[in-house]
Amino acid sequence: MSQSQVATVRFALGCPRSQMDGALILKYLKINGWTLSDDLQRANLVLVFTCGVTQREEDISLRCVAATARKKSAEAPLVILGCLAGINPQRLAEYGCICIPPKDLDRLDEVIGPVVPIARIADPNQLQKFRPDKRFCDTFRERLSRKTNYGFSLAERLWFRLRHGQRLCSGSNKYCYADTFAIRVAHGCQGECTYCGIRNAAGPLISKPPEQIMAEFRRGLDQGHLLFSLIAGDVGAYGQDIGTDIAELMESIFSVEQNCKVLIMDFSPKWLIQYYDRLFPLLTKNADRIGYASFPVQSGSDHVLDRMKRGYSRADAERCLSRLQRAAPQLDTLTHVMIGFPGETQDDFLETVDLIRRTRFRKVSVYKYEDRPGTDSLLMPDKLSEKVKARRIRQFYRTFPGIGHYGDEQEVQDDPAAAEPQPEPAAVNH
361 MSQSQVATVR FALGCPRSQM DGALILKYLK INGWTLSDDL QRANLVLVFT CGVTQREEDI
421 SLRCVAATAR KKSAEAPLVI LGCLAGINPQ RLAEYGCICI PPKDLDRLDE VIGPVVPIAR
481 IADPNQLQKF RPDKRFCDTF RERLSRKTNY GFSLAERLWF RLRHGQRLCS GSNKYCYADT
541 FAIRVAHGCQ GECTYCGIRN AAGPLISKPP EQIMAEFRRG LDQGHLLFSL IAGDVGAYGQ
601 DIGTDIAELM ESIFSVEQNC KVLIMDFSPK WLIQYYDRLF PLLTKNADRI GYASFPVQSG
661 SDHVLDRMKR GYSRADAERC LSRLQRAAPQ LDTLTHVMIG FPGETQDDFL ETVDLIRRTR
721 FRKVSVYKYE DRPGTDSLLM PDKLSEKVKA RRIRQFYRTF PGIGHYGDEQ EVQDDPAAAE
781 PQPEPAAVNH
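Counting from 361, one number per residue, gives the positions in the sequence shown under this note's numbering.
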């Protein structure tokens with residue numbers, strides 16, 4: 361490969377998994393003799409990382425793609441990476457681009473004809489260079505709209521700020537993945553969640569061999585790193601395809617006596633329940649070595665959980681999580697909830713509120729249900745109106761003031777009076 365080959369890589373938006381892919385592709389390009397440049401006119405190849413988890417992320421990604429397509433050389437191929445390439449390639453078609461979702465990264469070999477194929481490039485462990493391109497993120501008008509479209513008045517937002525010392529619907533993270541020694545433990549996902557478009561882009565579960573994970577972990581320790589992150593679509597599903605499991609991996613990690621912390625992202629309660637007898641002693645004994653653990657419950661209603669195909673009951677999730685939190689109160693547990701899933705009634709919603717109160721998560725991310733291309737829920741009946749979803753999100757925030765939104769997280773502060781059942785107008789579709 362000639363040194364005259366120049367590539368531009370843009371990162372519109374994305375999660376730590378996408379950041380890992382981005383770092384991998386930079387490494388891949390450099391190993392194969394490509395020079396990296398921000399100058400689109402010089403580039404022989406242009407790559408844009410995108411996200412499509414919600415409509416907001418899709419729109420931000422499309423702005424970056426459109427701007428890049430306008431400014432690049434006409435001869436340079438435009439390659440779209442990240443989940444949007446697999447979730448909604450139809451919206452990208454007008455740009456004459458090549459769409460390569462995460463499950464098909466080896467197709468990059470067809471584009472550049474490498475000396476070293478991407479399958480032979482080891483995952484990197486540093487993600488610092490891959491942060492969202494703020495030039496294409498929300499405008500002030502959009503940020504303002506997102507703060508107000510649930511019906512919060514300016515006076516109410518100011519009251520929250522004065523009472524709780526923070527903005528309504530805002531948040532901050534204690535740890536940043538970009539500052540960790542990141543270890544990808546698996547590609548893809550084994551889940552069947554009916555609302556998720558990401559699984560169509562990510563592909564099936566492919567777990568990394570445990571000895572390879574432990575080699576990366578020890579290498580990070582040898583380099584002096586004290587903060588690690590385990591990255592996968594569902595960390596809890598680790599090993600299901602290779603005859604091992606997450607409990608065995610955690611046993612190996614915690615058997616290494618070192619003063620370090622591990623961040624555990626996206627650990628489905630399904631696997632916490634399944635391996636609870638082995639995970640409970642591991643997590644409680646090593647609670648001080650866990651920066652945080654995220655267990656996305658999504659809903660407190662069995663009716664909704666069943667329609668989501670989450671694979672567990674509310675009772676089992678509550679039992680395991682509550683016991684874990686009581687036994688290790690210093691363990692920082694996070695969760696996600698989705699409000700407004702098709703068919704969700706007011707009683708279903710109140711069950712979610714009740715679950716969050718009973719389990720006492722330290723931080724919660726709140727997501728409004730949206731139809732996403734290629735998902736099973738797209739065709740479900742009994743869709744809720746935007747008005748109903750907004751009302752419920754507003755009620756949720758008022759019950760737990762200061763809670764985050766769209767990935768922003770805040771400590772839960774319970775306001776019991778705010779969760780009293782509120783009747784909904786019969787005319788509203790839910």
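From the three backbone atoms N, C-alpha and C, an ideal C-beta is built for every residue, glycine too.
Going by DSSP, which residues form a beta bridge with residue i?
| i | result |
| --- | --- |
| Tyr652 | Leu623 |
| His547 | Ile566 |
| Val697 | Gln658, Val726 |
| Thr395 | Val366 |
Buried or exposed, going by whether 16 or more other CB atoms sit within 10 Å of the CB of residue i?
| i | result |
| --- | --- |
| Pro477 | exposed |
| Asn329 | Coverage of the chain is limited to positions 361 through 790, which leaves residue 329 absent and any answer about it impossible. |
| Gln658 | buried |
| Gly584 | exposed |
| Gln450 | exposed |
| Gln415 | exposed |
| Lys390 | exposed |
| Lys432 | buried |
| Gln634 | buried |
| Gly603 | exposed |
| His790 | Residue placement at His790 is poorly supported in this model, since its pLDDT is 35, which falls under 50; the coordinates are not used for a value here. |
| Gly456 | exposed |
| Ala479 | exposed |
| Val616 | exposed |
| Ala561 | buried |
| Leu396 | exposed |
| Arg559 | buried |
Name the two residues that bound the continuous beta strand (DSSP E) containing residue i.
| i | result |
| --- | --- |
| Ser589 | 587 to 591 |
| Val440 | Per the sequence presented here, residue 440 reads as Ile, with Val not at that position. From DSSP, the beta strand (DSSP E) with Ile440 extends over 438 to 442. |
| Leu405 | 405 to 410 |
Who are the near neighbours of residue i in its chain, counting only those whose CB is closer than 8 Å to its CB and skipping five residues on each side?
| i | result |
| --- | --- |
| Arg370 | Val406, Leu407, Val408, Phe409, Cys424, Thr428, Asp493 |
| Leu306 | Because the chain in this structure spans residues 361 to 790, residue 306 falls outside the shown range and cannot be described. |
| Ile650 | Lys621, Val622, Leu623, Ile624, Leu643, Leu691, Asp692 |
Could you name the residues of the same chain whose beta carbon sits closer than 7 Å to that of residue i, not counting the 5 residues immediately before and after it, in chain order?
| i | result |
| --- | --- |
| Ala436 | Ala403, Asn404, Leu405, Val406 |
| Pro733 | Ile447, Asn448, Gly557 |
| Leu687 | The residue asked about is misnamed: residue 687 is Ala in this sequence, not Leu. Closer than 7 Å at the Cβ level, and outside the excluded window around Ala687, lie Thr644. |
| Lys568 | Arg544, Val545, Ala546 |
| Leu465 | Asp381, Ile478 |
| Leu715 | Val657, Gly660, Arg674, Glu678 |
Using C-beta distances below 6 Å, list every residue in its chain close to residue i, excluding the 5 sequence neighbours before and after it, in chain order.
| i | result |
| --- | --- |
| Gly374 | Phe409, Cys411, Gly442 |
| Leu738 | Asp731 |
| Gln365 | Trp394, Asn404 |
| Cys680 | Leu632, Ile633, Tyr636 |
| Asp601 | Leu565, Ser567 |
Relative to the alpha-carbon of residue i, which residue among the options has its alpha-carbon at the smallest distance?
| i | options | result |
| --- | --- | --- |
| Val439 | Ile591, Ala750, Val471 | Val471 |
| Tyr652 | Leu715, Gln690, Arg686, Arg679 | Gln690 |
| Arg752 | Gln401, Ile699, Tyr555, Asp626 | Ile699 |
| Met740 | Thr554, Glu711, Ser421 | Thr554 |
| Ser661 | Val724, Phe709, Gln600 | Phe709 |
| Met668 | Asn646, Gly548, Leu452, Thr735 | Thr735 |
| Ala426 | Glu454, Leu639, Met574, Phe721 | Glu454 |
| Phe701 | Ala675, Tyr729, Arg683 | Tyr729 |
| Phe756 | Arg717, Ile460, Leu639 | Arg717 |
Grab the span of the alpha helix (DSSP H) containing residue i for me, first residue to last.
| i | result |
| --- | --- |
| Ser421 | 415 to 431 |
| Met610 | 606 to 614 |
| Val595 | From DSSP, Val595 is part of no alpha helix (DSSP H); its letter is neither H nor E. |
| Asp708 | 706 to 719 |
| Ala338 | Outside the modelled stretch of the chain, which goes from 361 to 790, sits residue 338, for which no answer is possible. |
| Glu746 | 746 to 759 |
| Arg638 | 636 to 645 |
| Val471 | 468 to 472 |
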